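**Q** So in the numbering used here, spot 66 of the sequence shown is number 66, and the numbers just go up one at a time.
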Amino acid sequence: MQPETIAGRYRVVRAIGRGGMGTVWLCEDLVLSRQVAVKQIRPPEGESRADTARAMREARVAAALNHRNAVSIFDVVEQDDTTWLVMEYVPSQTLAEIITAEGSLPPARVAYIGAQVADALASAHALGIVHRDIKPGNILVGENDLAKISDFGIARGHLDLSLTQTGMMTGTPAYFSPELARGEEPDSASDVWALGVTLYSATEGGPPYPTLGNPLAMLSAIVRDPTPPPTNAGPLTDTLAAMLDRDPDTRATMEQARGWLHQVAEHGSTSGASQTQRFPAAVVPPPDDTEPQPAAAPAAAAASVPYTEGDQPSAMSGWTREETTYA
Numbered sequence: 001m002q003p004e005t006i007a008g009r010y011r012v013v014r015a016i017g018r019g020g021m022g023t024v025w026l027c028e029d030l031v032l033s034r035q036v037a038v039k040q041i042r043p044p045e046g047e048s049r050a051d052t053a054r055a056m057r058e059a060r061v062a063a064a065l066n067h068r069n070a071v072s073i074f075d076v077v078e079q080d081d082t083t084w085l086v087m088e089y090v091p092s093q094t095l096a097e098i099i100t101a102e103g104s105l106p107p108a109r110v111a112y113i114g115a116q117v118a119d120a121l122a123s124a125h126a127l128g129i130v131h132r133d134i135k136p137g138n139i140l141v142g143e144n145d146l147a148k149i150s151d152f153g154i155a156r157g158h159l160d161l162s163l164t165q166t167g168m169m170t171g172t173p174a175y176f177s178p179e180l181a182r183g184e185e186p187d188s189a190s191d192v193w194a195l196g197v198t199l200y201s202a203t204e205g206g207p208p209y210p211t212l213g214n215p216l217a218m219l220s221a222i223v224r225d226p227t228p229p230p231t232n233a234g235p236l237t238d239t240l241a242a243m244l245d246r247d248p249d250t251r252a253t254m255e256q257a258r259g260w261l262h263q264v265a266e267h268g269s270t271s272g273a274s275q276t277q278r279f280p281a282a283v284v285p286p287p288d289d290t291e292p293q294p295a296a297a298p299a300a301a302a303a304s305v306p307y308t309e310g311d312q313p314s315a316m317s318g319w320t321r322e323e324t325t326y327a
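1) When you compare the CB of Asp238 with every CB in chain B, is at least one pair closer than 8 Å?
2) CB-CB under 7 Å to Asn69, same chain, minus the five flanking residues each way: which ones, in chain order?
3) Along the chain, where does the alpha helix (DSSP H) that runs through Thr237 open and close?
4) When you compare only the Cα positions, how much space is there between Leu180 and Ala221?
5) Taking only runs that begin and end inside the segment 81-118, name each unbroken alpha helix (DSSP H) of 4 or more residues, in chain order.
6) Kindly list the residues whose CB is nearer than 6 Å to the CB of Ala189, restricted to its own chain and excluding five residues on each side of it in sequence; keep chain order.
7) From Asp191 to Leu95, what does the alpha carbon distance come to, in whole angstroms?
8) Just how far apart, CA to CA, sit Leu212 and Met218?
9) Relative to the alpha-carbon of Pro235, which residue among Tyr200, Ala53, Ile98, Arg224 has its alpha-carbon at the smallest distance?
10) Who are Leu26's beta bridge partners in DSSP?
11) Check for me: the alpha helix (DSSP H) holding Glu179 runs from which residue to which?
12) Starting from Leu216 and walking both ways along the alpha helix (DSSP H), at which residues does that stretch end?
13) Assuming Ala122 and Ala265 make a contact with CB atoms under 8 Å, what is their CB distance in whole Å?
14) Roughly how many angstroms separate the alpha carbons of Ala7 and Trp193, rounded to a whole number?
15) Quick one: Cα of Tyr209 to Cα of Gln256, how far?
16) Between Ala174 and Pro207, which are expected to be in contact by the criterion C-beta below 8 Å, what is the C-beta distance as a whole number of angstroms?
17) Is DSSP giving Val61 helix, strand or coil here?
18) Within its chain, find whatever has a CB closer than 6 Å to the CB of Phe74; leave out the 5 residues flanking it on each side and keep chain order.
19) If we call anything under 8 Å between Cβ atoms a contact, is Pro178 one with Val223?
20) Excluding sequence positions up to five away, which residues of its chain have a Cβ less than 7 Å from the Cβ of Pro91?
21) With a floor of 3 residues, list each beta strand (DSSP E) that falls wholly inside the segment 246-271, ordered by position along the chain.
22) Go ahead and label Gly137 buried or exposed: buried means 16 or more other beta carbons lie within 10 angstroms of its beta carbon, across all protein chains shown.
23) Grab me the residues of Gly103's own chain with a C-beta within less than 7 Å of its C-beta, minus the 5 sequence neighbours each way, in chain order.
24) Can you give me the C-alpha to C-alpha distance between Ala295 and Ser269, rounded to a whole angstrom?
25) How many whole angstroms separate the CB atoms of Gly22 and Gln40, which I take to be in contact at a CB cut-off of 8 Å?
26) If we ignore side chains and look at the alpha-carbon of each, how far apart do Thr5 and Asp238 end up?
27) Go ahead and pull the three-state DSSP assignment for Glu78.
28) Strictly by DSSP, which residues pair up with Leu140?
Structure (structure tokens):
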């Protein structure tokens, strides 16, 4: 049933979205005379009230992030034992809707959208905020491809992969990093992986590990199998390699990724910064008595060879050009 007002302040205009967590309403803020989006937070089956309360505390922390490429969180309110998240209203499509409608997107456009999202995420990581649920459905793309990442602070406890009270697994873990698929806690490195998979999906029309109707098999593939190479990423290939490094310790940081994405968006390559060597696709484990080396940047040398349609990007040793079908 549609409420008339929420928390005595937000007059409901219409429903603008529905998802696993509940309905999103377009509302009028009667105090500040502005439009807002109000999301009903419906806990997943089996989640305790303590889990929901923790998620709401994290949403309040995330409200401290003020970035033009992040959907602002204005308020968290309770009414009739229901939690509502009051957010900035952004007239837009999701990146998921764009991919569904258009299929593979040009690398420069993907880099432009990705750079904006990475800007917001790098700022969040600097504040100690981890998103935890980056995927095309959580990226809003408005006029002139202005991109904003949504659902900061509420992803914990609402991940795509969840266990119900009966132990059944629901959703798809397509954007999980290998370490997250192994059951480790999400962190900034898993955010980098998830954004990498999101951008991969935008260039290829689907994620590297299609669900095929079996989330458990997908989890196993994410943990075990090499990432299939992109065939449409062009100048984004090196950056995707850095973001999809299977080792979180040598994976690119969000700050590194944002710089490379801006270079591709603005220059069509990653040749505009102080990059001196190609990012290695496969990191060789160091001897036990040495420390792992940090990830290097994508190569300036790679950009010195003109990229043409059909060239095989060579940034990823072990990545071969093969046809991949996505479900």
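For each residue, glycine too, the CB sits at the ideal point set by N, CA and C.
Computed from a prediction, not measured in an experiment: that's the story for all the values here.
**A** Answer, in terms of the structure:
1) In the structure shown, chain B cannot be found, because there is only a single protein chain.
2) Gln116, Val117, Asp119, Ala120, Ala147, Lys148, Ile149
3) 237-243
4) 13 Å
5) 95-102
6) Pro248, Arg251
7) 17 Å
8) 8 Å
9) Tyr200
10) Arg14, Ala37
11) 178-181
12) 215-224
13) Not really, about 15 Å apart at Cβ, beyond 8 Å.
14) 38 Å
15) 24 Å
16) 4 Å
17) helix
18) Val86
19) yes
20) Gly142
21) none
22) buried
23) Gly205
24) Because the pLDDT at Ala295 is just 42, under 50, the model does not fix this residue reliably, and the value given afterwards should be weighed accordingly. Computed Cα separation, rounded: 19 Å.
25) 3 Å
26) 49 Å
27) strand
28) Thr94, Lys148
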